[in-house]
Amino acid sequence: MKVCKNTKFRPNIHYLDIIAKIQSQNGRVVDIIVSETQDKFFVEFKHSYPSNEVIFTEKLIYNSTREILRWVIETNIKVVTIYDELSN
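Below, the structure is given as structure tokens:
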């Protein structure tokens, strides 16, 4: 199930590009965790903005060719799935 309705979404978007975009909007990124298995690459990080008390947790799963399989953003209020190829 592809959830993203944004036509600018690219399944090969790099997590560092996401972090750079957050930082360019005055966001603070912390707790970056990267791990890898034989066929998947996992990235998780937290970020916040000075104007907002909410802490966001971004979770990305890539395949072996670094295309996004799942991208989820969690807060204490809600969970938003940006893209999910794994639920097919």
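Counting from 5, one number per residue, gives the positions in the sequence shown under this note's numbering. Idealized CB from N, CA, C, for every residue including glycine.
_Between which two residues does the alpha helix (DSSP H) holding Leu64 run?_
By one-based count along the sequence shown, residue 64 stands at place 60. No alpha helix (DSSP H) contains Leu64, which is instead part of the beta strand (DSSP E) from 56-67.
Check whether the Cβ atoms of Glu40 and Glu62 sit closer than 9 Å, and answer yes or no. Along the sequence shown, one-based indexing puts residue 40 at 36. Along the sequence shown, one-based indexing puts residue 62 at 58. Their beta carbons are not under 9 Å apart, which means Glu40 does not touch Glu62 by this criterion.
For a test of your reading of the model: does the CB of Trp75 fall under 8 Å from any non-hydrogen atom of the ligand NAP? Yes or no.
With respect to the ligand NAP, the structure offers nothing, as it holds no ligand at all.
Notebook entry, point to check: Under a three-way DSSP split, which group does Leu90 fall into?
Noted result: As a position in the sequence shown, residue 90 is number 86, starting the count at 1. DSSP places Leu90 in coil when its eight states are reduced to three.
**Message:** So within the region 8-52, which uninterrupted beta strand (DSSP E) runs reach at least 3 residues, ignoring any that extend past its ends?
**Reply:** 32-40
> Closest to Phe60 by CA distance: which of Ile81, Leu20, Ile17 is it?
Replying inline: Sequence index remark: in the sequence shown, residue 60 carries index 56 (1-based). Per the Cα distances, Ile81.
*asked:* Please identify the residue among Asn56, Ile22, Tyr66 whose C-alpha is closest to the C-alpha of Gln42.
replied: Sequence index remark: in the sequence shown, residue 42 carries index 38 (1-based). Closest option to Gln42, Cα to Cα, is Tyr66.
In three-state DSSP terms, what is Arg74? Numbered from its first residue, the sequence shown carries residue 74 at position 70. Arg74: strand per DSSP, three-state reduction.
Alpha-carbon spacing of Ser52 relative to Val33, whole angstroms | If you number the sequence shown from 1, residue 52 lands on position 48. If you number the sequence shown from 1, residue 33 lands on position 29. Approximately 7 Å, taken between the alpha carbons.
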